[in-house]
Amino acid sequence: VNNKFGLRCKNCKTNIHHHCQGYVEMQRCFGKIPPGFRRAYSSPLYSEQQLGAT
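Quick note: the sequence shown uses the working numbering, first residue 57, plus one each step.
Structure representation (structure tokens):
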């Protein structure tokens with residue numbers, strides 16, 4: 057779903073910046089997650105290893 061700040065997952069409600077979309081496309085959705093985890097998960101500082109890319 058598009059919003060004025062970027063993208064938002066319909067399932068887990070995680071907000072994603074448009075420029076971070078490439079980092080999270082390969083991730084599976086975790087479903088509903090605790091609100092405190094959402095901000096940390098949306099960080100663009102994840103490396104490819106942390107994302108599970110091979």
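Yeah, the Cβ is synthetic: ideal placement off N, Cα and C, and Gly gets one too.
In this structure, the straight-line span from the alpha carbon of glutamine 77 to that of arginine 84 is close to 13 Å.
DSSP places glycine 87 outside both helix and strand once states are collapsed to three, so it counts as coil. Pairing methionine 82 with leucine 63, the inter-Cα distance amounts to about 15 Å.
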